[in-house]
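Its first residue numbered 340, the sequence shown is counted upward by one per residue in the numbering used here.
By construction, the Cβ of each residue, glycine as well, lies at the ideal position given by its N, Cα and C atoms.
Here the structure is a predicted model, which is why all the values come from computation and not from measurement.
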Amino acid sequence: MNEVMSLLALALAPAIYLAIVIYGHDKYSPEPKRILLVAFLWGCFSVVPALALETWAASFGHGISTNIFKTAFYAFVVVAFSEELSKFLMLRFHAYRQPEFNEPFDGIVYAAFVALGFAAVENIAYVLMHGFGTGILRMFTAVPAHFSFGVIMGYYVGKAKFHPEKKNVLLLQGLLYATFMHGAYDFFVMQQNFPSLSILTFGVLIMSWRISKNSIAELKSDSKFRFHNRANENTW
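And the structure:
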């Protein structure tokens with residue numbers, strides 16, 4: 340029992356840490372914790388439709404293959420698209436509709452919480468199955484990857500909310516860019532027969548992390564509440 344609890348703590352720790360980090364960035368007009376918790380729980384639930392889609396695809400023989408093109412299809416279309424679509428739907432039909440979603444940066448915050456909910460459930464499954472070493476490895480790879488894919492998606496969802504004339508294009512961009520980065524990450528992870536290619540996993544991780552970092556910085560700097568708060572401070 341103690342070992343199981345330790346593994347659960349290890350599996351949840353990176354998601355909780357990153358949730359605290361992104362919440363700390365939302366300092367000008369923080370989202371209600373209640374709505375963020377619901378977004379996280381919807382992210383947890385998004386594992387279900389994603390797993391159903393992946394299982395359905397597997398019934399047609401799709402999976403990791405020695406054929407690099409089949410592996411690419413599996414990584415980008417079966418795994419990445421199904422998982423990012425599931426997260427996108429939870430984001431689009433819950434958080435997107437909240438009145439508290441009142442600036443573009445909120446798209447990043449809500450998308451990150453949905454992604455971390457998904458990552459938490461996935462991580463629990465992997466860590467309980469494979470143990471402590473897997474938990475340590477995924478703490479620095481898979482969980483931050485899900486987080487960064489969520490931030491990338493949320494960047495476009497946030498812009499879509501406040502640019503209704505380009506809403507559909509921006510929403511699609513968010514889904515497709517997140518899917519592309521996720522697919523590239525998984526594709527290189529799956530290159531068991533080509534170890535030199537699998538090293539590129541870290542390249543994708545670093546790239547997605549830099550993109551997400553820049554996205555956070557841009558939308559934070561553009562926050563209308565940032566200037567509003569400064570104006571209030573100047574009146575004292």
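Query, Result
"Closer than 8 angstroms: is that where the CB of A358 sits relative to any heavy atom of the ligand GDP?", "Of the ligands one can find in the structure shown there are none, so the ligand GDP has no counterpart to examine."
"Between the alpha carbons of G363 and A396, how many angstroms are there, rounded?", "39 angstroms"
"If you follow the alpha helix (DSSP H) that I361 is part of, which residue opens it and which one closes it?", "341–364"
"According to DSSP, is T480 part of a helix, a strand, or is it coil?", "coil"
"Measuring CB to CB, does G522 end up less than 9 angstroms from A411?", "yes"
"Using a Cβ-Cβ cutoff of less than 6 angstroms, which residues in the same chain neighbour F526 once the five nearest sequence positions on both sides are dropped?", "A411, A414"
"Can you find a C-beta in chain C that's less than 9 angstroms from the C-beta of C383?", "Given the protein chain composition of this structure (a single chain), no chain C is represented."
"Quick check on the DSSP output: what are the complete alpha helix (DSSP H) runs of length 4 or more inside the stretch 488–543, in order along the chain?", "506–528, 534–537"
"By the three-class DSSP mapping on this structure, what secondary structure does P438 have?", "coil"
"May I ask you to report which of helix, strand or coil DSSP gives I374?", "helix"
"Please list, in chain order, all residues of the same chain as L558 whose beta carbon is under 7 angstroms from its beta carbon, the five residues on each side excluded.", "P443, F444, I447, Y494, G497"
"Give a yes or no on whether the C-beta atoms belonging to Q512 and I403 are separated by under 9 angstroms.", "no"
"Check whether the stretch 476–493 touches the stretch 538–555, taking contact to mean three or more Cβ pairs, one atom from each stretch, closer than 8 angstroms.", "yes"
"Are there three or more Cβ pairs, one per stretch, closer than 8 angstroms when the stretch 369–377 is compared with the stretch 447–456?", "yes"
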